[in-house]
Amino acid sequence: MKHPFEYEIIYSSRRTAAIQVTPDGKVVVRAPKRCSRSFIDSFLCQKEDWVLKHLSRFEKQKELHPSQQRSPLSEKDRARYISIARDIFAKKTAYYARIMNVSYGRISIREQKTRWGSCSSKGNLNFNWRLILAPEEVLDYVVVHELAHRREMNHSKAFYAVVEAVLPDYRAARRWLREHGDSLWEAV
């Protein structure tokens, strides 16, 4: 089946199919190992509008903010930001983990192009250092979001009930991240 965009398929041990659109305009389908090509085509048809919307959004961002005009961040500056982020996230994670009565493993600070945070099945947490450039309530939301995965390893209603119990106004922070998250890449 022909789609109005090119895509790459990555098969893995995951249980469900997912589509990722990267900021550089790549479409990646992540699928279970035994997933048929016809299922993937059907899945892409269902999600075609979503994919095109995200491709368009990234294209507009390139036009508005050509990254080539920014001088790259030096390794020294990047290391400084990561060190600051490590301290901030360690404190916030410990604080919210006590409130939520959850445990966690290792905290890693990264610069991921497509994620603000993640939580592994072992409870290891990853946070994007660029979040320290966002309003504090956004950092709180991402920390609580990732810690909520220690109770619900999904994005179900039960998961968001855990988040809302700690941060009743989490939707505003989530909205800020969706609407302004790209600006954190232009900030430094």
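Counting along the sequence shown from 1, when you hit position 5 you're at 5 in full-length UniProt numbering, and nothing is skipped either side.
Built from N, CA and C at the ideal position, the CB exists for glycine as well.
Nothing here was measured: the structure is a model prediction, and the numbers come from that model.
Decide if residue i is buried, meaning its Cβ has at least 16 other Cβ atoms within 10 Å, or exposed.
i    : result
M100 : buried
H145 : buried
T16  : exposed
I109 : buried
H155 : exposed
I10  : exposed
F5   : exposed
W129 : buried
W116 : buried
Identify the residues that DSSP records as bridge partners of residue i: which are they?
i    : result
G123 : Answer by DSSP bridge pairing: none, since G123 is not bridged.
Q112 : Per DSSP, none; premise fails for Q112.
V28  : E8 and Q20
S13  : S13 is not bridged to any residue.
N128 : R110
If we ignore side chains and look at the alpha-carbon of each, how far apart do residue i and residue j end up?
i    : j    : result
D77  : S83  : 10 Å
L52  : S120 : 29 Å
C35  : A85  : 39 Å
A148 : N126 : 14 Å
V27  : A161 : 31 Å
V102 : E152 : 11 Å
L55  : E8   : 15 Å
For residue i versus residue j, is the C-beta distance shorter than 8 Å?
i    : j   : result
K47  : I19 : yes
Y81  : T93 : no
V143 : Y96 : yes
Does the contact criterion of 3 or more C-beta pairs under 8 Å hold for the segment 128-141 versus the segment 163-175?
yes
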